[in-house]
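Enquirer: Sharing a structure, written as structure tokens. Questions coming.
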Amino acid sequence: MHTDDFKRKLTVAFSADAVGYSRLMGDDETATVKTLEEYKQVMSDLILGHGGRVVDSTGDNLLGEFASVVDAVKCAVAVQNALRERNDGLCEQRRMLFRIGINLGDVIEKEGRIYGDGVNIAARLESLADPGGICVSKTVIDQIETKLPFSYEYLGKKRVKKHRKNHSLLQGAF
17 MHTDDFKRKL
27 TVAFSADAVG
37 YSRLMGDDET
47 ATVKTLEEYK
57 QVMSDLILGH
67 GGRVVDSTGD
77 NLLGEFASVV
87 DAVKCAVAVQ
97 NALRERNDGL
107 CEQRRMLFRI
117 GINLGDVIEK
127 EGRIYGDGVN
137 IAARLESLAD
147 PGGICVSKTV
157 IDQIETKLPF
167 SYEYLGKKRV
177 KKHRKNHSLL
187 QGAF
């Protein structure tokens, strides 16, 4: 692959994944797919409304991209609030919670897709978030700490899965 085929850029990766998706599918595939599609549409609309774009949406995962860390975090909070409201109308065992991870990092862009550590770290952060929660990297907190009125809990320096270096991680109380 020639380097002319892709470009590098600094971007904000937003990774969302449904919690307990396999269990939900095992219980009722039709209802799960219906809820998943509705919730992914809510997320997509909020991502676009906050100045981002949806990069990929396969299975129970959604990958978004933002130019602004502030916009990405505001969007994540709006997503969790909107999904919480929708879940209130469902019985507890049918509720679909999402974890969200956000990272500011260098990525490779090719044909509208993004690749690299910047994206992989966001996905790993998402897996560390509480159900219905948001986990962000220190690079994100460094950009928002004086701009947004949110609090967060320091989770410490951890090595994220399949990554060779430790990262400072924070769980948002957004």
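Just so you know, my numbering puts 26 at position 10 of the sequence shown, and the rest follows in order with no gaps.
Note that beta-carbon positions come from the ideal geometry of N, C-alpha and C, so glycine has one too.
(1) Per the contact definition of three or more C-beta pairs closer than 8 Å, is the stretch 116-134 in contact with the stretch 70-83?
(2) Jot down the residue ranges of each uninterrupted beta strand (DSSP E) in the stretch 59-114, minimum 3 residues, whole runs only, in chain order.
(3) Nearest by alpha-carbon distance to A98: which of K154, V58, L78 is it?
(4) Would the beta-carbon of T155 fall within 8 Å of that of N103?
(5) Please classify Q96: is it buried, with 16 or more other beta-carbons within 10 angstroms of its beta-carbon, or exposed?
(6) DSSP state of Q126, grouped into three classes?
(7) Can you pull the DSSP bridge partners for K25?
(8) Can P80 and F30 be called in contact, C-beta distance under 8 Å?
(9) What does a CB cutoff of less than 7 Å around E125 pick up in its chain, not counting 5 residues either side in sequence?
(10) Are T27 and A83 close, meaning C-beta to C-beta below 8 Å?
(11) DSSP three-state label for I116, please.
Expert: For this structure:
(1) yes
(2) 69-72, 77-82
(3) Here residue 98 corresponds to residue number 82 of the sequence shown, with the count starting at 1. If we check each option's Cα against that of A98, V58 comes out closest.
(4) Your numbering for residue 155 matches position 139 in the sequence shown. Your numbering for residue 103 matches position 87 in the sequence shown. No; because the gap between Cβ atoms is not below 8 Å, this pair is not in contact.
(5) One-based indexing of the sequence shown puts residue 96 at position 80. Label assigned to Q96: buried.
(6) Taking the first residue of the sequence shown as 1, we reach residue 126 at position 110. Correcting the residue identity first, residue 126 is Lys in this sequence and not Gln. DSSP places K126 in strand when its eight states are reduced to three.
(7) In the sequence shown, counting from the first residue as 1, residue 25 sits at position 9. According to DSSP, K25 bridges with V123.
(8) Locating residue 80 in the sequence shown gives position 64, where the first residue counts as 1. Locating residue 30 in the sequence shown gives position 14, where the first residue counts as 1. The question names Pro, but residue 80 in the sequence shown is Gly. For G80 and F30, yes; Cβs fall inside 8 Å.
(9) Translated into the one-based positions of the sequence shown, residue 125 becomes position 109. Counting only Cβ-Cβ distances below 7 Å, and skipping sequence neighbours, we find F22, K23, K25.
(10) Counting from one through the sequence shown, the residue named residue 27 turns up at place 11. Counting from one through the sequence shown, the residue named residue 83 turns up at place 67. It is a contact, given that the beta carbons lie within the stated cut-off.
(11) By one-based count along the sequence shown, residue 116 stands at place 100. Three-state DSSP puts I116 in a strand.
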